[in-house]
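Chemist: In the UniProt record's numbering, the protein residues as written are 1 to 744. No residue lacks a Cβ here, since even glycine has one placed at the ideal position from N, Cα and C.
1) Give the secondary structure of residue 329 by DSSP, where H, G and I count as helix, E and B as strand, and everything else as coil.
2) Please report the straight-line C-alpha distance between residue 362 and residue 547, rounded to a whole angstrom.
3) For residue 417 and residue 128, what's the separation of their Cα atoms in angstroms?
4) Here's a check: name, in chain order, each residue in its chain whose Cβ is nearer than 8 Å to the Cβ of residue 494, leaving out the five neighbours to either side.
5) How many angstroms separate the CA atom of residue 444 from the CA atom of residue 452?
6) In chain order, what residues of the same chain lie with their CB nearer than 8 Å to the CB of residue 9, ignoring the 5 residues before and after it?
7) Which full runs of the alpha helix (DSSP H) of 4+ residues lie inside the stretch 438–508, going along the chain?
8) Are the Cβ atoms of residue 329 and residue 310 separated by less than 7 Å?
9) Can you tell me whether residue 247 is helix, strand or coil according to DSSP?
10) According to the neighbour-count rule (16 or more other Cβ atoms, all chains shown, within 10 Å of its Cβ), is residue 222 buried or exposed?
11) Is DSSP giving residue 580 helix, strand or coil here?
12) Okay, do the stretch 371–388 and the stretch 527–544 touch, 3+ Cβ pairs below 8 Å being the bar?
13) What are the boundary residues of the beta strand (DSSP E) that includes residue 231?
14) For residue 447, tell me which candidate among 402, 43, 37 and 668 has the shortest Cα-Cα distance.
15) What does residue 252 pair with, by DSSP beta-bridge criteria?
16) Using 8 Å for Cβ pairs, my map puts residue 143 next to residue 164. What's the rounded Cβ distance?
17) With a cut-off of 8 Å on the beta carbons, I'd call residue 591 and residue 265 a contact; round off their distance for me.
18) Report yes if the CB atom of residue 510 is closer than 7 Å to the CB atom of residue 468, and no otherwise.
19) DSSP on residue 14, reduced to helix/strand/coil?
20) Where do the ends of the alpha helix (DSSP H) carrying residue 61 lie?
21) What span of residues does the alpha helix (DSSP H) with residue 335 cover, start to end?
22) Quick one: what's residue 565 bridged to in DSSP?
23) In the structure shown, what three-state DSSP assignment does residue 681 receive?
24) Can you look up residue 24 in the DSSP assignment and give me helix, strand or coil?
25) Taking CB distances under 7 Å as the criterion, tell me whether residue 659 reaches chain D.
26) Given a threshold of 16 other Cβ atoms within 10 Å of its Cβ, counted over all protein chains shown, does residue 83 qualify as buried or as exposed?
27) Give me the residue from 340, 364 and 358 with the minimum Cα distance to residue 349.
28) Note down the Cα distance separating residue 520 from residue 691, rounded to an integer number of angstroms.
29) Less than 6 Å between C-beta atoms, sequence neighbours within five positions excluded: which residues of the same chain meet that for residue 273?
30) What residue from 140, 73 and 256 has the CA that sits closest to residue 571's CA?
31) Within its chain, find whatever has a CB closer than 6 Å to the CB of residue 331; leave out the 5 residues flanking it on each side and keep chain order.
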């Protein structure tokens, strides 16, 4: 090689020699590169991936890394190293060649209006500019090698098939997709649709496998459903081709955690045990004291509220010298569940709405069809389900129409609906917020609408059915703002201008502020004392009642996120919440996660042009959630996926405005008592509930309202020899003695 180097140096002495040497090296490079091509044939012997046989594992980051490694290290190492060395030759170590990149903060990376923003997903670039440039060079060299291999032989398509699916998922138009295929970056769009259809068939098989009856598992996987509305807009109207609203149902199957099931007694999960438990509940004598908190629960509530006060004090006003020994800013844990990534399988979009009893029956027929089970097998074991209040009511209505019956397909007594945690919180929170909202038309009214305006949020947008999460967040902001003002009153600086720097005070003094704030404004004694002072202190009483009610909503939200939802059976606790990323502190309710998926599919539908039809959504897309496809593009650009929790933060300016409101409106009745009749008293929801319970006991001594629909499950079932009956179908003569109501 020393001789070759010497010849090169000698030849390159003249311009003619340099030109001849370049031509010689180019010819040799072409000869070497032409011999390094990927092997022919189907994978793994070759590099061809058929859209008719592709599986989900092909689209994982690990699998694509394997394909890239085979291409660059085994099939085309010469071209790859040549390109990489040429890119690095520019001198990435020199700061002059580094691109100036401003890395935004995590909160500003993703728009909250996108599905990723709602799902708490953001991205962060590599902070080291040199490493970022090196990674970019490797990505460029790998991509060019893949484009060249595809251009030489269209069956070298691993990179292109992967790109065609994720470009389609990201909303690339037909015209752009055609160009990307022409330059070798992606396969044809029809190939992407064919691959998606194959993945859909794989998903169908997984659903049938998951729902298959297996020995030792007496309970079915949980099915979570929710309604979904999508408008199919037609611009050019013709006869039989008009815009219409599709109202359907969508959901997913939540497979039980194997470790959890292994620690449970299978006999306690059987349908027979469940029916016996329901019979026990039907005979249960409900006593009023069951609705009252025990001393231990009252103590826990006190500690929870103190932790909320401590959090506001620590975040906005002062920090203790010894945080480890001070009152915790997190509530005391009860029984947190394990943060493990759930195993979820998406169902197909169902052309049946759960908004009626007839519709919920059609939903069950569609679910049975997707699971591949017979009606007899589906109704032979306990089937847990998740849904909102409307879905549960419609299901109970459907079951009531078919009572009494000994046929399992008609009595539906193996179905156990569990209210979704998010929908329950939204319904309760909406009622509490409305109760304390006040009258925006009355400027003297100091309800929650005034607090929202002081924080800079339009009060008319706080309570809306399309965004319940926004409502809960605004309740949390209002609650923390009132607690902030109470703390400033306790610290006697509510009339002073504070800097953004937090004070550092002794731990004993810091805890004293928390305890005094609780005793004066958030304890039961404080609420009773304010109410006893009569009309002159209605404003104070209203504020303290609002604090108490809002604190329950705030704690419910934070407890769900922290995976500590309290006193429930082990199976129910693990069946209410999931951690999609498998990380602690990132738990969400199962029905909320389904709402996010609904938003994803609408986002996909609205961003894929006129070619996206509802039939395609129903039969192709919904078994394949494209979140990983969205993230893979960012990963290829050198970004790292960050799962972050949504946290409310009150800006300094908003807190200053709220403090001005508190002083001017005297929401704590510090400066002067109210005039009689000036302020209307807001009822204490806890006391109002007690009074309503008393009235209910007077008219319904056994409190049958709390056991509604349970009696439908008491009649004995028919034996296993009974003939299969389709849902909604009347039983034949073999079911003599059963009176059956007509189906809707």
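Modeler: The short version:
1) In the chain shown, the residue the question calls residue 329 occupies position 329. Looking at residue 329 - three-state DSSP - the assignment turns out to be coil, as it is neither helix nor strand.
2) Looking up residue 362 in the chain shown gives position 362. Looking up residue 547 in the chain shown gives position 547. Each residue's alpha carbon lies about 44 Å from the other.
3) As a working note, residue 417 is residue 417 in the chain shown. As a working note, residue 128 is residue 128 in the chain shown. Their Cα atoms are separated by approximately 51 Å.
4) Along the chain shown, read from residue 1 onward, the residue named residue 494 stands at position 494. Cβ within range, chain order: 485, 488, 659, 662 and 663.
5) On the chain shown, position 444 is the one that residue 444 refers to. On the chain shown, position 452 is the one that residue 452 refers to. Answer to the nearest angstrom: the Cα atoms are 15 Å apart.
6) Along the chain shown, read from residue 1 onward, the residue named residue 9 stands at position 9. None.
7) 448–454 and 468–490
8) Within the chain shown, residue 329 is the residue found at index 329, counting from 1. Within the chain shown, residue 310 is the residue found at index 310, counting from 1. Yes.
9) Residue mapping note: residue 247 aligns to position 247 of the chain shown, counting from 1. DSSP places residue 247 in strand when its eight states are reduced to three.
10) By 1-based counting over the chain shown, the position of residue 222 is 222. The residue in question, residue 222, is buried, as its Cβ has 16 or more Cβ neighbours within 10 Å.
11) Within the chain shown, numbered from 1, the residue matching residue 580 stands at position 580. DSSP places residue 580 in coil when its eight states are reduced to three.
12) no
13) Start at 1 with the first residue of the chain shown, and residue 231 comes out as number 231. Where residue 231 is concerned, the enclosing beta strand (DSSP E) stretches over 222–232.
14) Start at 1 with the first residue of the chain shown, and residue 447 comes out as number 447. Of 402, 43, 37 and 668, the residue nearest in Cα terms is 668.
15) As a working mapping, residue 252 is identified with position 252 in the chain shown. DSSP lists 224 and 346 as partners of residue 252.
16) Numbered from its first residue, the chain shown carries residue 143 at position 143. Numbered from its first residue, the chain shown carries residue 164 at position 164. Contact flag wrong, Cβ pair sits at about 14 Å.
17) For the purposes of this step, residue 591 is taken as residue 591 along the chain shown, with counting starting at 1. For the purposes of this step, residue 265 is taken as residue 265 along the chain shown, with counting starting at 1. The Cβ separation is near 28 Å, so there is no contact.
18) Here residue 510 refers to the residue found at position 510 of the chain shown. Here residue 468 refers to the residue found at position 468 of the chain shown. The answer is no: Cβ separation not under 7 Å.
19) Position 14 of the chain shown holds residue 14. Note: residue 14 maps to coil in three-state DSSP.
20) Here residue 61 is taken as the residue at index 61 of the chain shown, counted from 1. Looking at the DSSP string, the run of the alpha helix (DSSP H) that includes residue 61 is 61–69.
21) Along the chain shown, one-based indexing puts residue 335 at 335. Neither: residue 335 is in no alpha helix (DSSP H) and is coded neither H nor E.
22) Locating residue 565 in the chain shown gives position 565, where the first residue counts as 1. Per DSSP, none; premise fails for residue 565.
23) Looking up residue 681 in the chain shown gives position 681. Residue 681: coil per DSSP, three-state reduction.
24) Position 24 of the chain shown holds residue 24. Residue state, collapsed to three classes: helix.
25) Considering every chain present, this structure includes no chain D. It has just one protein chain.
26) Locating residue 83 in the chain shown gives position 83, where the first residue counts as 1. By the 10 Å Cβ count, residue 83 comes out buried.
27) Counted from its first residue, the chain shown places residue 349 at position 349. Here the closest residue by C-alpha is 364.
28) Stepping through the chain shown from its first residue, residue 520 is reached at position 520. Stepping through the chain shown from its first residue, residue 691 is reached at position 691. Approximately 26 Å between the Cα atoms of the pair.
29) Against the chain shown, residue 273 aligns to sequence position 273. The answer is none, since no qualifying residue turns up.
30) Residue mapping note: residue 571 aligns to position 571 of the chain shown, counting from 1. Ranking 140, 73 and 256 by Cα distance to residue 571 puts 256 first.
31) In the chain shown, residue 331 corresponds to position 331, counting from 1. Only 304 and 307 meet the Cβ criterion.
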